[in-house]
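Read the structure below first, then the notes.
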Amino acid sequence: MIRTRVTILAAALLWCAGLGSAVSAPTAREIRPGHDGETVESEAALSEQMNSTTVSIMTGTPGGTYFRVGADLAFVLDDDTKLRVLPILGKGAGQNAYDLRFLRGVDLAFLRTDTLDQLRQDKRLARIETHIQYIAKLFDDELHIIGPTRITDAQQLAGKRVTFDVKGSGTDYSGRAMFRNLGITVQAINVDQPTALTMLRKGEVDAVVSVAAKPVAVVAGFDPADQFHLIPVKFTESIQDAYAPASLDRNDYPKLVKEGTQVETLAVGTVLGVYNHPKGSFRYKKISRFVEAFFGRFDEFLAPQRHPKWRDVNLAAGVSGWTRFRPAQDWLDSHREPQAAAPPDLAQFLNEQQPGAATDKDELYRAYLKWRSNRRTTTGRL
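Going by my numbering, the residue at position 55 of the sequence shown is 55; the numbering climbs one at a time, nothing skipped.
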């Protein structure tokens, strides 16, 4: 027993003297022999490598637009040991804002242009603009209201039972905010969308709201049976600072929109939000690598197999009231082309435009991206 204690004491003294390295745990960079004689990395090195290249992003519910777009990010940008995008199922933009701000390990999230207003209303939070920034404005999410055909205007829902998806979802916040700004007071109910549509059929609620990028799978798959339709929402100047006019047509929802008609509605922008880590930090550097890959390979998101909403994206578009993540702004600044250096195919695109085509810069840019993507599909080149 005494001999054992002496041995332990001697080992401890050797360790303190710096002579115990021979029995130390493997370091992150250690390489050791494998079973077949070849050298292999240690588990610590593998852990370091995986964590240094993985970027996580909060998306949305299964089957939703955010979930599908998050999957596109992973499919396009995953690059062996250089970068991995890890989509995480979420509730949507409302809860995503809190997850991005407070959950450890969350780097990115799909948020909405009205998200910062949402967080400013929470008195527990301070200086939210310094913590949450954006990499790029993506696409618009449209307001969908499914209800009985006898209701021909959203204003007629005043005082009625209306569902706004699950609590914490993007629909829960943006949908309620849209109704509030329109001056429509309803009996708001939180329940998941499939359940909400079942309740609508049974007459237990009067309308179901979804704020998401069209086409929304759960809405498109709903069979109205000549009893239900998409309820129009009239755009007013009083809400122009927060929302934009939009429309839904038969191409989006063949079961819910009559041939040759459009349904007026509202839209709110989606942004790729990012947590603003200190410059030079471990996570700041790996998100910077994500930015480089995302911007540098953006054309790959325009391929036919990717979500059609990617074709609406203008990477250079700003977002009022938000701060762009510095590496993203730096990338845009360094790749900004002189006005005279137009893309070589831009002249052809402009020549093919019909009289009365969109003249708004963002609309024209989106039309150009769509034209270029279609040209690539048919000719195999840009």
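Ideal Cβ positions, reconstructed from N, Cα and C, are used throughout, including at glycine.
Asked: Helix, strand or coil, according to DSSP, for Ala-28 in the structure here?; Found: Note that Ala-28 scores a pLDDT of 44, beneath 50, so its modelled location is shaky; the value from the coordinates is reported in the next line. Note: Ala-28 maps to coil in three-state DSSP.
Asked: Going along the chain, which residues of its own chain have a beta-carbon closer than 6 Å to the beta-carbon of Asn-251, five neighbours each way excluded?; Found: none
Asked: Below 8 Å on the Cβ atoms is my contact criterion, and I expect Ala-109 with Ile-57 to pass it. Report the Cβ-Cβ distance as a whole number of Å.; Found: 6 Å
Asked: Provide the residue(s) that pair with Ala-316 in DSSP beta bridges, ordered along the chain.; Found: BP columns for Ala-316 are empty, so no partner.
Asked: Inspect the beta-carbon positions of Ala-293 and Leu-77 and report whether they are closer than 7 Å.; Found: yes
Asked: Looking at Gly-63: is its Cβ nearer than 7 Å to the Cβ of Gly-170?; Found: no
Asked: Report the residue ranges of all beta strand (DSSP E) runs contained in full by the region 147–202; include only those spanning at least 3 residues, in chain order.; Found: 161–163, 187–189
Asked: Would a C-beta distance cut-off of 7 Å place Asn-276 and Gln-133 closer than the cut-off?; Found: yes
Asked: Give me, in chain order, the residues of the same chain whose beta-carbon lies closer than 6 Å to that of Pro-327; leave out the 5 immediate sequence neighbours on both sides.; Found: Ser-288, Val-291
Asked: Under 8 Å: do the region 146–159 and the region 182–198 share three or more Cβ pairs, one atom per stretch?; Found: yes
Asked: With a threshold of 6 Å (Cβ to nearest heavy atom), would Tyr-98 be considered close to the ligand MN?; Found: Here there are no bound small molecules, and the ligand MN is not part of this structure.
Asked: Is the region 152–160 close to the region 119–126, with three or more CB pairs under 8 Å?; Found: no
Asked: Looking at the secondary structure, which residues open and close the alpha helix (DSSP H) in which Thr-130 lies?; Found: 128–131
Asked: Along the alpha helix (DSSP H) that carries Leu-119, what are the first and last residues, could you check?; Found: 115–120
Asked: Terminal residues of the continuous beta strand (DSSP E) containing Asp-249?; Found: 244–249
Asked: Could you compute how far the alpha carbon of Thr-54 sits from the alpha carbon of Arg-84?; Found: 5 Å
Asked: Would you tell me roughly how many angstroms separate the C-alpha atoms of Glu-259 and Glu-48, rounded to the nearest one?; Found: 56 Å
Asked: Rank Leu-182, Lys-214, His-307, Thr-61 by C-alpha distance to the C-alpha of Ala-242 and give the top, closest one.; Found: Leu-182
Asked: What's the gap between the Cα of Val-216 and the Cα of Lys-279?; Found: 38 Å
Asked: Run through the DSSP bridge pairs and tell me what Glu-264 is partnered with.; Found: Ser-247
Asked: How many angstroms separate the CA atom of Leu-232 from the CA atom of Asp-80?; Found: The residue asked about is misnamed: residue 232 is Pro in this sequence, not Leu. Those two C-alpha atoms are separated by around 47 Å.
Asked: What's the gap between the Cα of Thr-261 and the Cα of Pro-245?; Found: 16 Å
Asked: With three or more C-beta pairs closer than 8 Å as the rule, is the region 219–227 touching the region 182–192?; Found: no
Asked: Would you call the CB atoms of Val-209 and Leu-111 closer than 7 Å?; Found: no
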